[in-house]
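This report concerns only the one structure given below.
Residue numbers (my numbering): 19 to 729.
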């Protein structure tokens with residue numbers, strides 16, 4: 019029994035004995051090393067072994083497997099994942115917040131463009147069938163006056179996203195490129211063109227998300243694709259770091275310290291947005307496949323990648339429309355407009371076929387001056403795994419006949435698996451299928467993903483301060499502040515400049531985009547020069563104030579005021595103003611709370627002096643790095659004199675007197691004077707009669723003899 023006790027008290031068959039002086043072995047008694055652990059209960063212990071693997075005598079069966087070095091076997095993997103998530107997540111967090119924030123705003127790019135053109139607010143319509151018919155009639159009348167000799171007309175009808183109708187036309191080769199037609203907005207009540215101001219609108223924010231506006235299109239898309247691939251890697255490493263991910267991803271403890279707060283906020287937001295993050299990032303990679311892997315297109319699309327884009331949207335796989343027994347009356351719109359038929363019967367049929375959205379546009383084709391077909395295009399494609407283009411109805415018109423033949427919607431052959439994946443990725447990432455409620459959920463999920471990465475950046479700061487005890491590097495803090503607080507402020511400045519610039523100013527869209535980048539650069543400079551606690555709070559408060567005042571700016575600069583749009587529409591303006599007001603209040607509250615914690619910060623009026631000092635310091639560094647003017651010998655002599663001067667701790671009066679002598683003689687004299695001065699200081703005594711120790715300067719020690727000093 020003593021032998022068993024020496025080996026941890028383990029008996030055969032899993033029976034444990036309590037070892038002690040004068041104690042009898044008890045069946046089921048757990049040894050002290052296992053009490054309180056998994057499988058051991060006070061007073062009772064399961065006789066079955068804790069592990070299926072063989073455990074040598076004298077070891078704890080509940081202990082984890084360890085490597086030869088003594089560390090747990092999963093420690094190197096988790097350590098590498100932590101290092102990857104921390105280092106790569108810092109830089110990719112900046113780009114990830116930018117992409118997700120701009121991508122979320124791009125989901126409402128048509129609504130943003132509508133808000134930024136207040137001249138069109140009074141012409142907005144709700145998009146009912148009756149309003150679409152009236153808009154189509156007004157658009158056809160407008161095109162009859164504007165482009166009577168065109169080969170194709172297109173009237174964009176009012177929808178839930180674009181409430182103002184527009185008209186466009188094309189001739190020749192432009193008929194086959196619908197994106198080359200520039201639409202003109204018109205008032206459906208008067209039939210006249212609307213003089214809307216030039217603006218980048220939501221398209222500028224969309225280009226920032228897709229190809230980093232300002233860069234070459236190919237370079238920008240490749241950069242976005244590589245960033246998306248790296249973000250997937252960082253996301254996987256973050257999931258691997260949390261061993262109890264599915265148990266603790268909702269553990270939020272706001273009462274803990276700031277480190278625990280941001281850790282829990284990062285984990286909760288990451289758990290909630292993990293499916294959305296993976297789907298959106300992966301679908302974005304699918305859409306950028308032609309930019310990331312162009313070699314896959316060259317063998318099949320040597321004439322150009324445009325054919326690949328056309329086929330990816332469903333061109334070439336559609337079967338020709340088949341005639342049916344259904345006919346519709348073809349009545350001229352009016353005698354003034356010639357053979358142009360009334361679009362009401364076709365639009366009413368489209369409303370019955372697509373009750374959720376109806377028709378979104380109307381296409382009229384001509385041949386020898388006569389209308390040969392009229393097509394009603396679906397407003398929003400509801401297909402997820404089919405082609406990305408919308409469905410359509412076609413009315414074939416025969417000149418001289420009072421009735422036209424309706425053709426069934428063109429059907430497509432069953433798509434392959436690759437095509438289905440492409441269509442699904444396109445519909446999910448761009449939100450083509452999304453009704454108002456799903457689109458709002460996608461928008462909020464994108465903002466929450468950006469907030470998750472922002473919490474990760476703040477967690478990085480707190481972890482750095484907690485681990486090293488040092489403050490966060492100034493550059494990292496400035497970049498974090500410019501991304502977290504500077505982006506909303508820059509977007510708000512973009513919206514403000516849209517209303518403050520003259521409506522007839524040339525190149526207004528360029529000035530608006532420059533305002534965004536200038537405001538962002540100012541945010542970065544402010545965060546660099548300002549105190550750390552106060553800089554971020556001031557930018558958050560400024561962004562909140564600028565966003566919260568946008569509804570009032572809209573009403574004061576020619577747009578429809580919020581009280582009117584809230585009760586009478588249009589809903590696009592009301593939604594924009596309400597979100598800007600709520601987001602502004604939230605950001606202002608966060609900034610005010612941050613400012614309350616930074617009471618020791620320097621006053622705001624000292625910021626100008628700090629910026630001037632920072633610029634002077636930067637200019638001095640640049641001048642010091644620039645080479646001296648003159649010959650090479652003069653430059654070498656200047657460097658030699660500077661190196662010799664660095665050996666002297668401070669200048670003395672005698673150095674000033676000998677400034678015109680040879681540098682070596684001057685340094686020799688100053689060396690002797692410094693030695694005598696040091697000896698005098700060491701010989702001086704303190705007031706109590708004791709000799710005080712010699713005072714040392716801040717510079718390096720000088721040699722005892724003059725001959726030891728050399729260059």
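Using N, Cα and C, we set each Cβ at its ideal position, and we do this for glycine too.
* Is residue 583 closer than 8 Å to residue 517 when the C-beta atoms are compared? -> Against a cut-off of 8 Å, the Cβ pair of residue 583 and residue 517 comes out as no contact.
* Sort out for me which residues DSSP pairs residue 231 with in a bridge. => 233
* Asked: Going by other Cβ atoms of all chains shown within 10 Å of its Cβ, with 16 needed for buried, is residue 572 buried or exposed?
  -> Answer is buried; the Cβ neighbour count reaches 16.
* **Residue closest to residue 310, alpha-carbon to alpha-carbon, out of 151, 245, 363** => 245
* Measure the C-alpha to C-alpha separation of residue 230 and residue 156 and round it to an integer number of angstroms. => 39 Å
* To do: Please determine, among 498, 464, 469, 435, the residue with the shortest C-alpha to C-alpha distance to residue 479.
  => 498
* **Euclidean distance between Cα positions of residue 562 and residue 537** => 15 Å
* residue 301 by DSSP, collapsed to three states: which one? -> helix
* Asked: Would you call the CB atoms of residue 501 and residue 130 closer than 8 Å?
  -> no
* To do: Can you grab the Cα-Cα spacing for the pair residue 381 / residue 395, in whole Å?
  => Cα to Cα, residue 381 sits roughly 8 Å from residue 395.
* Starting from the Cα of residue 555, find the closest Cα among 476, 615, 275, 94 and give me that residue. => Per the Cα distances, 615.
* To do: Confirm, please, whether the CB-CB distance from residue 259 to residue 96 is below 8 Å.
  => Yes, they are a contact pair.
* Asked: With a Cβ-Cβ cutoff of 8 Å, do residue 189 and residue 168 count as a contact?
  -> yes
* To do: Indicate the three-state DSSP secondary structure (helix, strand or coil) for residue 86 in the structure shown.
  => Its pLDDT being 47, under 50, residue 86 is placed unreliably by the model, and the measurement read from it follows with that caveat. Correct three-state label for residue 86: coil.
* Asked: By the 10 Å Cβ neighbour count, where 16 or more other Cβ atoms means buried, how is residue 444 classified, buried or exposed?
  -> Buried, by the Cβ-count rule.
* Asked: Could you give the distance in angstroms between the alpha-carbon of residue 255 and the alpha-carbon of residue 292?
  -> If you take the alpha carbons of residue 255 and residue 292, they lie about 13 Å apart.
* Do the segment 160-178 and the segment 117-127 meet, that is, are 3 or more Cβ pairs less than 8 Å apart? -> No: fewer than three Cβ pairs fall under 8 Å.
* Can you find at least 3 beta carbon pairs, one from the segment 410-422 and one from the segment 344-351, that sit closer than 8 Å? -> yes
* In chain order, what residues of the same chain lie with their CB nearer than 7 Å to the CB of residue 287, ignoring the 5 residues before and after it? -> 466, 469, 470, 473
* What is the DSSP secondary structure of residue 411, reduced to helix, strand or coil? -> The three-state secondary structure of residue 411, taken from DSSP, is strand.
* To do: Measure the beta-carbon distance from residue 527 to residue 217 and round it to whole angstroms, keeping in mind my assumption that it falls under 8 Å.
  => 6 Å
* Spatial distance of residue 540 from residue 532 (CA atoms) -> 12 Å
* **Inter-residue Cα distance where the pair is residue 412 and residue 215** => 35 Å
* Spatial distance of residue 281 from residue 513 (CA atoms) -> 34 Å
* Could you pull out every residue in the same chain whose Cβ sits closer than 7 Å to the Cβ of residue 135, ignoring the five residues on either side in sequence? => Beyond the five residues adjoining it in sequence on each side, residue 135 comes within less than 7 Å, by CB distance, of 214, 215, 217 in the same chain, given in chain order.
* Asked: How far does the alpha helix (DSSP H) with residue 151 in it reach, from first residue to last?
  -> 147-164 is the extent of the alpha helix (DSSP H) around residue 151.
* Do you know how far the Cα of residue 139 is from the Cα of residue 590? -> Looking at the two C-alpha atoms, the distance is approximately 10 Å.
* To do: Please confirm whether residue 185 and residue 204 have their CB atoms less than 8 Å apart.
  => yes
* Residues near residue 560 in its chain [Cβ-Cβ closer than 6 Å; skip 5 each side] -> 507
* Does the beta-carbon distance from residue 306 to residue 239 come in below 8 Å? -> Yes, Cβ-Cβ distance for residue 306 and residue 239 is below 8 Å.
* To do: Return the chain-ordered list of same chain residues with a C-beta closer than 6 Å to the C-beta of residue 180, the five sequence neighbours on each side being excluded.
  => 128
* For residue 557, the three-state DSSP class (helix, strand or coil) -> helix
* To do: From the DSSP output, in three-state form, read off residue 524 for me.
  => coil
* Asked: Apart from the five residues just before and just after residue 569, which ones in its own chain have a Cβ nearer than 7 Å to its Cβ?
  -> 580, 595, 598, 599
* **Collapsed DSSP secondary structure at residue 190 in the structure displayed** => helix
* To do: State the start and end residues of the unbroken beta strand (DSSP E) segment that holds residue 483.
  => Not the beta strand (DSSP E): residue 483 falls in the alpha helix (DSSP H), residues 454-486.
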